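Notes follow the structure.
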Amino acid sequence: MKRMIDFIGMFAGSWLGWTVGAWISLFAAFIVSVIGMGAGLYLARRLNQRLLQ
Numbered sequence: 010m011k012r013m014i015d016f017i018g019m020f021a022g023s024w025l026g027w028t029v030g031a032w033i034s035l036f037a038a039f040i041v042s043v044i045g046m047g048a049g050l051y052l053a054r055r056l057n058q059r060l061l062q
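In case it helps, our numbering puts the sequence shown at residues 10 to 62.
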């Protein structure tokens, strides 16, 4: 279950970053997507610690 929440967090962060960065350019969309993926993983791990343990 922890890995599933991690995956969902990374997917959501990456998607959000891509949609925000796409307004600027393709390269910006890629960079912001990677940053969003990291942020989504961080938030998912914090959620895992808070809810599942």
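Built from N, CA and C at the ideal position, the CB exists for glycine as well.
Just so it is clear, the structure is predicted and the values come from calculations on it, not from any experiment.
- Within the same chain, G49, L50, L52 and A53 come within 6 Å of G18 by CB-CB distance, once the 5 residues on both sides are set aside.
- Residue range L35 to L61 is occupied by the alpha helix (DSSP H) that includes Q58.
- When rounded, the separation of the alpha-carbon atoms in S34 and F16 is 26 Å.
- One thing to note: W27 has its Cβ within 7 Å of the Cβ of A38.
- Shown here, M10 sits in coil according to DSSP, grouped into three states, outside any helix or strand.
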